[in-house]
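2 protein chains.
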Amino acid sequence: MPTTVGILGGGQLARMMALAGARLGLRVRVVDTAADACASQVAPLTCADYNDFDAISKFADGIDVVTFDFENVPADTAMFLASRVPVFPNPQALAVAQDRLEEKQLFQRLGMATPTFATVDSLEELQAGILTVGLPAILKTRRLGYDGKGQIRLRAEADADAAWRSLGGVPLILESLVPFDREISVISVRGRGGEFSTYALTENFHEHSILSASLSPAPRSEEIEDTAITFARRLAEDLDYVGVFALELFEHEGNLLVNEMAPRVHNSGHWTIEGAITSQFENHLRAVLGLPLGSTQALGTSVMLNWISEVPDALPLLAEPLGHWHDYGKTSRPGRKVGHATLNGSASEVSDALKRLSAGMKRPSQIDPVVAVLAPQLQ
Amino acid sequence: MPTTVGILGGGQLARMMALAGARLGLRVRVVDTAADACASQVAPLTCADYNDFDAISKFADGIDVVTFDFENVPADTAMFLASRVPVFPNPQALAVAQDRLEEKQLFQRLGMATPTFATVDSLEELQAGILTVGLPAILKTRRLGYDGKGQIRLRAEADADAAWRSLGGVPLILESLVPFDREISVISVRGRGGEFSTYALTENFHEHSILSASLSPAPRSEEIEDTAITFARRLAEDLDYVGVFALELFEHEGNLLVNEMAPRVHNSGHWTIEGAITSQFENHLRAVLGLPLGSTQALGTSVMLNWISEVPDALPLLAEPLGHWHDYGKTSRPGRKVGHATLNGSASEVSDALKRLSAGMKRPSQIDPVVAVLAPQLQ
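Each protein sequence line maps, in turn, to chains A and B.
Using my numbering, you'd call the opening residue of the first sequence number 1371 and step up by one each time.
Using my numbering, you'd call the opening residue of the second sequence number 1371 and step up by one each time.
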């Protein structure tokens, strides 16, 4: 150190990586298509299209390692960069994670159970898929979907036509809409020398298909935890993955099904900033730089509340002794992730704080399910 | 929020404030006389002389509140800013802290014991001062001294001439060089509404008159702690102080003497980044913005090691599970503060980590005295 890290993508994940990097004395530079990308408030920004190889080439000059804050980096861009400078995670791993079909096929090859799925490139394949996958099912674009975008639920065979009209024309995947008791994620980090470490399992809560809250450590059996960690490690080793990634799993009656991986730092790991010895952001940087990984040990119980569309009044949270406030410096926009808060302490302290906050909140529905999951731990 | 905070001074303290502020969604801008001031890596910099009121006026445009990362801001500049925008701490408090004589006179007025002192504006006053203060003594410039600069020790009356030749011509103060068992500091924060809170007492270790290490919580009696906190509160209330400040005290045979105050976030409070629920940097920003203060509660035991002149090899520290690395992005220079590290955990974990680090360090003398102070806690 000092070392210069380039990040493709300048959103809140890049911003939080840049802040973690600044502490370590790293120089962080970001490239984004938006001139006002929120990471530009804390790191120099190159505003360019990811396919503008002249601009990308200039960006790469003087950078020691390149990484990403989003998974949909064009494969050609990732390969172009990798020919000039170390790129982590490697472009092949990124390519697999970009395609829901390739990803699920890999999960299966690695012995990781997934919901049943079928590839869909025509209305006929969709109709055939409904028979093999069953109903209800969910039709998704294989690429570029997130936060419930590019997805349609099918409840009856008659829904096929409308779903095809809405999404058809790009490669699709039909997945069984499995019943599940909860979604959990495991945030892992793998170093350049193969060192592997995971954070405590996280239970995720959604509203309108967007993550609304996370609780970590999630209540869990030893078996569930072992399986989740085994899956994550197997995947990381197969992909020769370097950096932080998230694996999302459905738990149903004690069984785990793998939903998807995110080849980057992840929203369900934001609690690690205050709730673990080393945050996911610092550990991602340590990994891609080949530095020793930091301890992933959790410090007590953490609950992360996501701020969607607009940031609420900060005062109630700031007045909570366990409250940590994060605002990404973005303008408000429907569905946009604009900030989050983390409460960190003992389970009972966190539960008490959540109850106080819920009482004053516009959307207590964001908090009450978390309080319910915490309740059995308090007895 | 979002709110824009202006900081006069762009060194590592401004840098760490800017990083804490970015997390909260604040826009932070700094002004410094050096174009490469290290805070400029994480926040927009105005490079200007503090007496260039045109530049300072432009800097103040669009800023919601102004604060400082160093105490020697010209009084005229602070007053000029205060006529346009809220400035915290207030310029009067800053003025008192800038002058060792005024500061000590205030301590006395508030019933806070200090080493004996005398004002010195001539060789005759120095000779008379030696008689009232006694020897050994230390002759200091009243203004602009720090880290042992602008100070000369006097061991015999015959030293007076040489000391006067070296420092004379500016207002001086002669202080009794009191014997002390240790130096402790108390980092406090006072909000705009008068709320007051202190961090755990910190014991400070020096090499060549520069802080080399800090340990918090310092081993202490209840009486010592109560006295230190009472002194800090009395001072803050008298000055109507808003923000974080440090009060440095000498402890000798169970008694406390006040040495000096620093009207800003302080090197001996760097451990609060990982070692307290809310860091001194975030709490300073909360205070000057009139937000609720965050909890100052300590999380276990913390030891901060200062990196002076150059940053050592980071790997041994990064390989310690309890280790947190801070590099200010500065170039090396003799006597310059370029980074620090914090170890945070239980007292025995921290002690064990320190022993491992000491074994591989160029300057084990930086660590060994801290290990000795921790030892009685481990029995």
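Beta carbons: idealized from backbone N, C-alpha and C, even for Gly.
Residues that DSSP places opposite residue i in a beta bridge
i                      : result
residue 1678 (chain A) : A:1707
residue 1507 (chain A) : A:1524, A:1546
residue 1584 (chain B) : B:1574, B:1674
residue 1615 (chain B) : B:1558
residue 1752 (chain B) : In the structure as shown, chain B begins at 1371 and stops at 1749. Residue 1752 (chain B) is therefore absent and cannot be evaluated.
residue 1567 (chain B) : B:1559
residue 1815 (chain B) : Since the first residue shown for chain B is 1371 and the last is 1749, residue 1815 (chain B) is missing from the structure and cannot be characterised.
residue 1697 (chain B) : B:1709
residue 1630 (chain B) : B:1618
residue 1600 (chain B) : Paired residue(s): none; residue 1600 (chain B) is not in a bridge.
residue 1490 (chain A) : A:1542
residue 1552 (chain A) : A:1621
residue 1742 (chain A) : None; residue 1742 (chain A) has no bridge partner.
residue 1646 (chain B) : B:1668
8 Å Cβ cutoff met for residue i and residue j
i                      : j                      : result
residue 1609 (chain A) : residue 1407 (chain A) : no
residue 1748 (chain B) : residue 1717 (chain B) : yes
residue 1654 (chain A) : residue 1628 (chain A) : no
residue 1626 (chain B) : residue 1483 (chain B) : yes
residue 1397 (chain A) : residue 1698 (chain A) : no
residue 1380 (chain A) : residue 1409 (chain A) : yes
residue 1646 (chain B) : residue 1632 (chain B) : no
residue 1394 (chain B) : residue 1607 (chain B) : no
residue 1458 (chain A) : residue 1435 (chain A) : yes
residue 1618 (chain B) : residue 1553 (chain B) : yes
residue 1673 (chain B) : residue 1585 (chain B) : yes
residue 1341 (chain B) : residue 1420 (chain B) : Any property of residue 1341 (chain B) remains undetermined from this structure, which presents chain B solely from 1371 to 1749.
residue 1643 (chain B) : residue 1712 (chain B) : yes
residue 1663 (chain B) : residue 1561 (chain B) : yes
residue 1703 (chain B) : residue 1439 (chain B) : no
residue 1426 (chain B) : residue 1374 (chain B) : no
residue 1392 (chain B) : residue 1412 (chain A) : yes
residue 1770 (chain B) : residue 1531 (chain B) : As displayed, chain B neither begins before 1371 nor continues past 1749, which places residue 1770 (chain B) out of reach and without an answer.
residue 1511 (chain B) : residue 1480 (chain B) : no
residue 1333 (chain B) : residue 1418 (chain B) : There is simply no residue 1333 (chain B) to check, as chain B begins at 1371 and stops at 1749 in what is shown.
residue 1682 (chain A) : residue 1732 (chain A) : yes
residue 1715 (chain A) : residue 1671 (chain A) : yes
residue 1740 (chain B) : residue 1589 (chain B) : no
residue 1800 (chain A) : residue 1567 (chain A) : Nothing in the structure corresponds to residue 1800 (chain A), since chain A is present only between 1371 and 1749.
residue 1493 (chain A) : residue 1534 (chain A) : yes
residue 1753 (chain B) : residue 1473 (chain B) : Given a span of 1371 to 1749 for chain B in the structure shown, any question on residue 1753 (chain B) remains unanswerable.
residue 1668 (chain B) : residue 1746 (chain B) : no
residue 1612 (chain B) : residue 1658 (chain B) : yes
Would you call the stretch 1731-1741 of chain A in contact with the stretch 1692-1712 of chain A, where contact means no fewer than 3 C-beta pairs closer than 8 Å? no
Between the stretch 1628-1647 of chain A and the stretch 1556-1573 of chain A, do three or more beta carbon pairs fall short of 8 Å? yes
Please specify which runs of the beta strand (DSSP E), each continuous and at least 3 residues long, are wholly inside the stretch 1396-1468 of chain B, giving them in chain order. 1397-1402, 1415-1417, 1435-1438
With a threshold of 8 Å, are at least 3 pairs of Cβ atoms found where one atom belongs to the stretch 1667-1685 of chain B and the other to the stretch 1707-1725 of chain B? yes
Would you call the stretch 1558-1573 of chain A and the stretch 1592-1609 of chain A in contact, with 3 or more CB pairs under 8 Å? yes
Is it a yes or a no for the stretch 1438-1447 of chain A touching the stretch 1469-1481 of chain A, going by three-plus beta-carbon pairs under 8 Å? no
For the stretch 1406-1418 of chain A, list every residue whose C-beta sits within 8 Å of some C-beta in chain B, in sequence order. 1411, 1412, 1413
Spell out a yes or no on whether the stretch 1500-1512 of chain B and the stretch 1539-1556 of chain B are touching, meaning 3 or more CB-CB pairs, one atom from each, closer than 8 Å. yes
Quick one: any contact between the stretch 1526-1543 of chain B and the stretch 1488-1500 of chain B, if contact means 3 or more CB pairs under 8 Å? yes
Name the residues in the stretch 1640-1655 of chain B whose C-beta lies less than 7 Å from a C-beta of chain A; which are they? 1647
Residues in the stretch 1718-1731 of chain A with C-beta within 7 Å of chain B's C-beta atoms, listed in sequence order? none
Which residues, in chain order, does the stretch 1693-1714 of chain A contribute to contact with chain B at a C-beta distance below 7 Å? 1695, 1696, 1697, 1698, 1699, 1709
With 9 Å as the C-beta to C-beta threshold (strictly closer), list the residues of the stretch 1427-1458 of chain A near chain B in chain order. none
Residues from the stretch 1533-1563 of chain A in contact with chain B, defined by Cβ distance under 7 Å: none
Contact list for the stretch 1656-1668 of chain A against chain B, Cβ threshold 8 Å: 1656, 1661, 1662, 1664, 1665, 1667
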